[in-house]
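To start, the structure under review is shown below, and the notes come after it.
There are 2 protein chains.
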Amino acid sequence: MSKVNIKVLADQLQLSVSTISKALRDSYEISDETKKKVLELATRLNYVPNPYASSLRRKKSKTIAVVLPEVADNFFSLAINGIQSVAETKGYHVLIYLSHEKFANEKTILEDCASGRVDGVLISISSETNSADHINRLQGNNIPVVFFDREQEGIETARVTTNDFDCGFMAANLLLQKGCHKPAFVSISESLPLLLNRMEGFKAALNKAGIPETDQQIVYCTDNDSMYKQIKSILQSEHRPDGLIASVEKIVTPVYLACHELNIRIPHDIKVIAFATLDTAPILNPPLTTITQPAFEIGKAAATLLFKGIEKSSFDLRKEKVVIPSVLIERESTL
Amino acid sequence: MSKVNIKVLADQLQLSVSTISKALRDSYEISDETKKKVLELATRLNYVPNPYASSLRRKKSKTIAVVLPEVADNFFSLAINGIQSVAETKGYHVLIYLSHEKFANEKTILEDCASGRVDGVLISISSETNSADHINRLQGNNIPVVFFDREQEGIETARVTTNDFDCGFMAANLLLQKGCHKPAFVSISESLPLLLNRMEGFKAALNKAGIPETDQQIVYCTDNDSMYKQIKSILQSEHRPDGLIASVEKIVTPVYLACHELNIRIPHDIKVIAFATLDTAPILNPPLTTITQPAFEIGKAAATLLFKGIEKSSFDLRKEKVVIPSVLIERESTL
DNA sequence: CAATGGCTCGCAACCGTTTTCGTAAATAAA
DNA sequence: TTTATTTACGAAAACGGTTGCGAGCCATTG
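Here the protein sequences come in this chain order: V and G. Mapping the first sequence onto our numbering, position 162 (from 1) lands on 162, and the numbers just tick up by one. Mapping the second sequence onto our numbering, position 102 (from 1) lands on 1102, and the numbers just tick up by one.
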């Protein structure tokens, strides 16, 4: 902890503490001459103001929280970059919390956020979350909340997402168009709106094409560890799908590995398309058709919105909804 | 900001502020009966202590900073997970800063860290950094610093790295063993110790094998945007390498793409090995031989060390040095 | 010359918690 | 009963900045 504080400066310059403070904040009450002297001494002594004292008095922390389910996914890495890029320009600090997909963790984290530690919260909810109380409480404490990527229904606040339904639709359509008759949708949660939206899009496309419900396979791989095994068993089942949509990035590797092991050829025997931001997609074997989320942009937009809510309390976040479309990039896995 | 503070509790219970504070901290001075009443009211009113007031008074923030060059890389995602996992158990908060590989940014960030905002700093230095003053200043302020992954010479503090020299050596050896005569090492910085170590290992192996300096190609792709073009020109040069070591993960995709475009077959025409934590490595075309850094473990070890330094000032961080070995996984790209 | 007003600066309260120290009451020891 | 000792709590001073207000000083104006 730095031992040079405002009082030290004041003593050395024979000025009062308040004068120093005002000089440092460039107040009009202080003469240019004094300001210069203060600044000079401050930099010479390496003075750095104590953020906690300041936050306590001003009731602003200049800090935001980012609550994520995990950062293993490429998507969140990029989103963090986007968030950070705007936080930087605003002079804000960024606290990162991980819920590990657990509702209980998420709740604890948000309780802490209600303490005044942060001025706002960006959150992508855990797959377990189905309540909204913990989030409403934040709002009750006048702490703006913005959802990004994964949203939660039943809460009135800003959200930044991508066009998940449309992309689910597009993905399914592509498979159909390429000749698939029994496409499968592989999901990891039965409750996450994000996945439900993608799935609804998938089903809508199949319905439109007149494919009976019985041939509309929705498969859940809820467990991270046994994902490979689960996928293998899907691929070995008697009604093996001839097309597959990986609803999230981490499904891709197990799928490719399982196909390889089972001698199922992509795209000949099964066509694959994935929701992913993998930059290795073009060099996979075969190159993977992806629906790429604009992760960086989503993070950036969410942060921008949050700061609007923080900076002007008149700004009503509750009605804000930004949708940034993903892009479908066709590659050989759906040839 | 929560409006219910200690004073509110005190008024409601007809007790003094200090009694409440002590009760909440479970002090022996307070009777069990009173404690229970206080606790009950606190939870009923959703009281959350103001962290800034507490930090100000106690002179510790229960927060650490993690300073990274960028999070686009998979390595840092995993490292953050490792760090977070131990911070969580210790009840610490994690601030993330990005230097974007710029020394100036890094300096600014560390100056801020000297304010008492954090109790310790984990840092992976930017590729531009070649000075140590800004880090020494932190130490001067009694803020423990631990390097991870990327270290900086000339500073006495703890560091957690992987065995970069050995891995460079191993990588080169593997290429030689597989029949390469003109292996190239692709780097992104001429100053980062991490990359220098890997390169030195590379050179050592080649020297040992009696390969003349002229056939020891070290190539630098310093610019992120033109990487693809640079790599292509390497592959088109007259002394085209027959083996290639990607010193960092982000080199992989451009290399594969360039080879594909130029009809250079991996591993037939050129063997490729990469320092990477990509989990898509086994499904690339061809599957990529990697040297995988134990990113999670490095983050975890670094954080553990940092907390040792934070919690007991008697613990001397300066001599600590942890090396967690990477693992070489052979795949078809070096067949 | 007195009054007015603009410039600078200092005083002191305040932000919410922690912690030292003092003290009254209750209990134990003498 | 008197004297220690413990128990349970309160008063007040920190922690380091911020900020409203008052005050002294000089210059301008009527």
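Even for Gly, the Cβ is constructed at its ideal location relative to N, Cα and C. Note that the structure is predicted; figures quoted are calculated from it, not measured.
Buried versus exposed call for residue i [16 or more other C-beta atoms within 10 Å across all chains shown]
{"i": "Ser1055(G)", "result": "buried"}
{"i": "Glu330(V)", "result": "exposed"}
{"i": "Pro325(V)", "result": "exposed"}
{"i": "Ser1333(G)", "result": "buried"}
{"i": "Val1066(G)", "result": "buried"}
{"i": "Gly1154(G)", "result": "exposed"}
{"i": "Pro1212(G)", "result": "exposed"}
{"i": "Asn50(V)", "result": "buried"}
{"i": "Asp1032(G)", "result": "exposed"}
{"i": "Glu261(V)", "result": "exposed"}
{"i": "Asn207(V)", "result": "exposed"}
{"i": "Gln1152(G)", "result": "buried"}
{"i": "Gln1014(G)", "result": "exposed"}
Contacts that residue i makes with chain V (C-beta to C-beta distance below 8 Å)
{"i": "Leu1056(G)", "result": "Asn50, Tyr52, Ala53, Leu56"}
{"i": "Pro1144(G)", "result": "Correct list: empty, because the minimum Cβ distance to chain V is about 12 Å."}
{"i": "Gln1230(G)", "result": "Neighbours of Gln1230(G) on chain V: none; closest Cβ ~17 Å, over 8 Å."}
Within chain G, partners of residue i - CB distance below 7 Å
{"i": "Glu111(V)", "result": "Val1048"}
{"i": "Gln293(V)", "result": "Chain G residues near Gln293(V): none, gap ~15 Å exceeds 7 Å."}
Proximal residues of chain V, C-beta to C-beta of residue i below 7 Å
{"i": "His1239(G)", "result": "Correct list: empty, because the minimum Cβ distance to chain V is about 25 Å."}
{"i": "Tyr1256(G)", "result": "Ile283"}
{"i": "Asp944(G)", "result": "Missing from the structure shown is residue 944(G); chain G here goes from 1001 to 1335 and no further."}
{"i": "Val1094(G)", "result": "Leu95, Ile96"}
{"i": "Arg1025(G)", "result": "Residues of chain V passing the Cβ test: none, with the nearest at roughly 16 Å."}
Presumed contact (8 Å Cβ cut-off) between residue i and residue j, rounded CB distance
{"i": "Ile273(V)", "j": "Thr289(V)", "result": "5 Å"}
{"i": "Val160(V)", "j": "Ala302(V)", "result": "4 Å"}
{"i": "Ile1083(G)", "j": "Leu1024(G)", "result": "29 Å between Cβ atoms; not a contact."}
{"i": "Phe1202(G)", "j": "Ala1172(G)", "result": "4 Å"}
{"i": "His1239(G)", "j": "Lys1182(G)", "result": "6 Å"}
{"i": "Leu1095(G)", "j": "Val1118(G)", "result": "6 Å"}
{"i": "Gly1168(G)", "j": "Glu1190(G)", "result": "In fact, because the Cβ distance is near 15 Å, the residues do not count as touching under 8 Å."}
{"i": "Ile1006(G)", "j": "Ser1027(G)", "result": "Between Ser1027(G) and Ile1006(G) the Cβ distance is about 14 Å, and since that is not below 8 Å, they are no contact."}
{"i": "Phe1075(G)", "j": "Glu1249(G)", "result": "7 Å"}
{"i": "Ile188(V)", "j": "Ser127(V)", "result": "7 Å"}
{"i": "Arg1318(G)", "j": "Thr1129(G)", "result": "Incorrect: roughly 19 Å between the Cβ atoms, too far for contact."}
{"i": "Lys300(V)", "j": "Val145(V)", "result": "With a Cβ gap of about 17 Å, Lys300(V) and Val145(V) do not count as contacting."}
{"i": "Ser1131(G)", "j": "Leu1068(G)", "result": "Contact doesn't hold; Cβ gap of about 19 Å is too wide."}
{"i": "Leu328(V)", "j": "Met170(V)", "result": "6 Å"}
Local conformation of residue i per DSSP, three classes
{"i": "Arg1331(G)", "result": "coil"}
{"i": "Ile20(V)", "result": "helix"}
{"i": "Thr1222(G)", "result": "coil"}
{"i": "Arg1025(G)", "result": "coil"}
{"i": "Pro1049(G)", "result": "coil"}
{"i": "Ala1209(G)", "result": "coil"}
{"i": "Thr1161(G)", "result": "strand"}
{"i": "Ser187(V)", "result": "strand"}
{"i": "Phe148(V)", "result": "strand"}
{"i": "Phe1315(G)", "result": "coil"}
{"i": "Gln216(V)", "result": "coil"}
{"i": "Gly1179(G)", "result": "coil"}
{"i": "Met1(V)", "result": "Note that Met1(V) scores 44 on pLDDT, short of 50, meaning its location in the model is unreliable and no value can be drawn from it."}
{"i": "Ile1231(G)", "result": "helix"}
{"i": "Val38(V)", "result": "helix"}
{"i": "Val322(V)", "result": "strand"}
{"i": "Ile245(V)", "result": "strand"}
{"i": "Ile1006(G)", "result": "helix"}
Contacts of residue i in chain G (Cβ-Cβ under 9 Å)
{"i": "Leu78(V)", "result": "Val1071, Ala1072"}
{"i": "Pro286(V)", "result": "Asn1285"}
Closer than 9 Å at the beta carbon, the chain V residues around residue i
{"i": "Asn1081(G)", "result": "Glu70, Val71, Ala72, Leu98"}
{"i": "Gln1177(G)", "result": "Going along chain V, no residue has its Cβ under 9 Å from Gln1177(G), so there is no contact; the nearest lies around 25 Å."}
Contacts that residue i makes with chain G (C-beta to C-beta distance below 8 Å)
{"i": "Gln216(V)", "result": "Near Gln216(V) there are no residues of chain G at all, since even the closest Cβ is about 27 Å away, more than 8 Å."}
{"i": "Ser61(V)", "result": "Tyr1052"}
{"i": "Arg265(V)", "result": "Per Cβ cutoff of 8 Å: no residues; Arg265(V) is ~13 Å from chain G at best."}
{"i": "Arg117(V)", "result": "Pro1051, Tyr1052, His1093"}
{"i": "Gln139(V)", "result": "Chain G residues near Gln139(V): none, gap ~12 Å exceeds 8 Å."}
Residue i beta carbon near the ligand FAD (any heavy atom closer than 7 Å)
{"i": "Val8(V)", "result": "Of the ligands one can find in the structure shown there are none, so the ligand FAD has no counterpart to examine."}
| request: Could I get the ranges of all uninterrupted beta strand (DSSP E) runs contained in the segment 64–137 of chain V, with 3 residues as the minimum, in chain order? | output: 93–98, 120–123
| query | Taking the runs of the alpha helix (DSSP H) that are 4 residues or longer, which of them lie wholly in the segment 1252–1311 of chain G? | reply | 1252–1261, 1295–1311
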